[in-house]
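Asks: Mind having a look at this structure? Questions to follow.
Number of protein chains: 2
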Amino acid sequence: MTSGARATGASLRADAARNVAQIRAAAIAAFRGRGLNAPLDEIAAAAGVSKATIYNRFGGRQGLVEAVIEELVAREMYAAMDKARRVEDPWDRIVTYVTDVRDLQYREPAAVDVLLKTYPDSERLVALFEAAKDMSASLVRQGHEAGVLRQDFTAADFYYAAVANGLALRDGPKPSREDYDRRARFFLDSLRPH
Amino acid sequence: MTSGARATGASLRADAARNVAQIRAAAIAAFRGRGLNAPLDEIAAAAGVSKATIYNRFGGRQGLVEAVIEELVAREMYAAMDKARRVEDPWDRIVTYVTDVRDLQYREPAAVDVLLKTYPDSERLVALFEAAKDMSASLVRQGHEAGVLRQDFTAADFYYAAVANGLALRDGPKPSREDYDRRARFFLDSLRPH
DNA sequence: CATTAAGTTGACTCTATGGTTAAGTTGACC
DNA sequence: GGTCAACTTAACCATAGAGTCAACTTAATG
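Protein sequence lines, in the order shown, are assigned to chains D and W. The first sequence begins at 8 in this note's numbering and counts up one residue at a time. The second sequence begins at 8 in this note's numbering and counts up one residue at a time.
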């Protein structure tokens with residue numbers, strides 16, 4: 008409704024299609040490096056087009072984010088959820104999910120913007136947010152039922168840990184992979200009963 | 008050298024002294040609420056002066072930050088260090104320090120700016136940063152020697168945890184005090200050997 | 001290869017913020 | 001109560017970023 012962008016699927020003129028591809032690629036690179044707040048001017052310049060073209064094609068920052076979030080983080084997030092759900096043991100399931108999500112966060116600082124609901128008007132982003140929330144909730148519930156997760160640990164605690172970690176990665180100094188993975192172990196250890 | 012502000016101790020005219028006090032108070036309130044990036048216009052308006060007066064009296068944002076950081080966080084940070092050092096038991100010392108610093112972080116979102124060295128040209132801020140770093144290092148060393156802290160936990164891990172927590176408090180949704188304190192327990196539990 | 005709808009863009013406006021200065025105001029001291 | 005250095009400030013300038021649009025360019029089509 009609010010978007011001025013062309014509906015998906017309509018055929019574009021050849022030059023326009025080329026520009027869309029270049030803008031998407033530039034946006035992914037920029038969002039990857041600097042989070043979803045990367046200046047549109049910069050993305051336009053990297054794509055070799057004017058900023059106005061981004062507005063023509065995507066209707067603004069939110070449209071652009073929606074157009075690339077799939078490739079940027081959503082696909083991997085859903086994959087992590089699916090993978091975890093296929094793990095039988097409740098504790099291993101938690102370990103698998105935490106490990107995969109933290110890995111994604113390390114590679115994509117933009118992931119934290121999903122957790123923070125930076126774009127609350129985007130159906131796509133909110134859907135991903137909700138899916139992640141539900142996943143945490145069921146992991147925590149199953150962990151409690153199986154007695155492998157400390158009883159006083161809540162889904163909100165899970166969320167807070169993910170946000171804190173994401174913000175540290177996006178806005179703080181980047182840790183080495185080794186340090187980062189060790190801290191994942193600390194976190195996981197802190198989830199065990201007593 | 009770089010500062011255009013008047014040297015401390017020089018006597019000010021009555022109106023100027025009044026303005027300084029009002030600006031300090033406004034800055035503390037603003038920094039408290041929004042971190043050290045609060046707009047100077049806003050602080051000036053709250054103090055009932057023009058923005059230019061802040062520049063006259065404090066030489067800019069950094070000077071203003073230096074003028075209030077003591078009251079805002081430094082005093083409490085140093086107090087937390089002193090208090091912890093007076094605790095005999097190495098584990099209790101860690102618990103005391105972590106608890107007090109986290110409490111400060113909860114009340115003062117600006118504290119994280121010290122950790123992030125947002126003002127690397129400010130002697131005062133850097134000194135506080137270094138003191139906190141040294142404190143972490145000695146807490147960790149003593150904890151290891153006494154065998155109360157897991158051996159693979161480093162001072163850098165300590166720093167990362169503080170940054171992550173500070174950013175979550177400043178930029179994320181504010182947790183209830185109850186939730187926040189429970190998470191402190193999780194963190195402390197994760198520090199124990201094995 | 002002429003036509004034209006589709007597409008692009010330079011140049012603009014607007015908002016927010018940091019930072020500066022010429023000109024006016026006022027507290028302090030005689 | 002007059003003088004003047006101290007002080008304040010309105011009115012600037014500058015930068016960065018979002019967002020818009022009239023005018024120009026070009027791909028597609030007969």
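Glycine is no exception: its CB is placed at the ideal position from the N, C-alpha and C atoms. It should be emphasised that the depicted structure is a prediction, and the values quoted were computed from it without experimental measurement.
Please confirm if Leu156 of chain W has its CB atom under 9 angstroms from at least one CB of chain D.
Replies: No, Leu156 of chain W lies away from the interface with chain D (no Cβ there is under 9 angstroms from its Cβ).
Asks: Report yes if the C-beta distance between Ala175 of chain W and Leu174 of chain D is below 9 angstroms; otherwise report no.
Replies: Contact: yes.
Asks: Would you kindly work out how many angstroms separate the C-alpha atoms of Ser57 of chain W and Leu123 of chain W, rounded to a whole number?
Replies: Taking the straight line joining both Cα atoms gives about 30 angstroms.
Asks: Where Met142 of chain W and Asn172 of chain W are concerned, what is the direct C-alpha to C-alpha distance, given to the nearest angstrom?
Replies: About 18 angstroms.
Asks: Quick check: what's the CA-CA separation for Asp188 of chain D versus Asp164 of chain W?
Replies: So the two alpha carbons sit approximately 11 angstroms from each other.
Asks: Mind checking the region 130–150 of chain D against chain W and listing, in chain order, the residues whose C-beta falls within less than 8 angstroms of any C-beta there?
Replies: Against chain W - using a Cβ distance shorter than 8 angstroms - the region 130–150 of chain D contributes no residues.
Asks: Mapping the DSSP letters down to three states, classify Glu115 of chain W as helix, strand or coil.
Replies: Glu115 of chain W falls in the coil class under three-state DSSP.
Asks: Check this for me: beta carbons of Pro116 of chain D and Arg41 of chain D, under 9 angstroms apart or not?
Replies: Their beta carbons are under 9 angstroms apart, which means Pro116 of chain D touches Arg41 of chain D by this criterion.
Asks: Once the 5 residues before and after Arg255 of chain W are set aside, which same chain residues still bring their CB inside 6 angstroms of it?
Replies: Absent from the model: residue 255 of chain W. The displayed extent of chain W is 8 to 201, so no value can be given.
Asks: Among the residues of its own chain, which have a CB less than 7 angstroms from the CB of Ala33 of chain W, if the five just before and after it don't count?
Replies: Cβ neighbours of Ala33 of chain W beyond the five flanking positions: Ile50, Ala53 and Ala54.
Asks: Cβ of Phe194 of chain D less than 9 angstroms from any chain W Cβ?
Replies: Answer yes: the Cβ-Cβ gap between Phe194 of chain D and chain W drops below 9 angstroms somewhere.
Asks: For chain W, find out if any of its Cβ atoms is closer than 9 angstroms to the Cβ of Ala175 of chain D; answer yes or no.
Replies: Yes - at least one Cβ of chain W is within 9 angstroms of the one on Ala175 of chain D.
Asks: Please report whether the beta-carbon of Ala81 of chain D lies at a distance below 9 angstroms from any beta-carbon of chain W.
Replies: No, Ala81 of chain D does not count as interfacial toward chain W.
Asks: For a cutoff of 9 angstroms on Cβ pairs, would you count Glu103 of chain D as touching chain W?
Replies: Note that residue 103 of chain D is Thr in the sequence shown here, rather than Glu. For Thr103 of chain D, the answer is no, since every Cβ of chain W falls outside 9 angstroms of its Cβ.
Asks: Using a Cβ cut-off of 7 angstroms, which residues of the region 107–125 of chain D contact any Cβ in chain W, in chain order?
Replies: Under the 7 angstroms Cβ criterion, the region 107–125 of chain D contributes Leu123.
Asks: Which stretch, first to last residue, makes up the alpha helix (DSSP H) that contains Gln69 of chain W?
Replies: First-last of the alpha helix (DSSP H) with Gln69 of chain W: Arg68 to Ile76.
Asks: Can you list the residues of chain W that Arg189 of chain D reaches, using a CB-CB cut of under 9 angstroms?
Replies: By Cβ distance, chain W contributes Asp159, Phe160, Thr161 and Asp164.
Asks: Look at Asp96 of chain D and Asn44 of chain D and say whether their C-beta atoms are less than 9 angstroms apart.
Replies: Taking 9 angstroms as the Cβ cut-off, Asp96 of chain D and Asn44 of chain D do not qualify as a contacting pair.
Asks: Does any C-beta atom of chain D lie closer than 9 angstroms to the C-beta of Pro127 of chain W?
Replies: No, no contact with chain D.
Asks: Along chain D, in chain order, which residues have C-beta atoms closer than 7 angstroms to that of Pro182 of chain W?
Replies: Here the neighbours are Tyr167.
Asks: Flag this pair as yes or no: are the beta carbons of Glu83 of chain D and Asp48 of chain D separated by less than 9 angstroms?
Replies: Going by C-beta atoms, Glu83 of chain D is not nearer than 9 angstroms to Asp48 of chain D.
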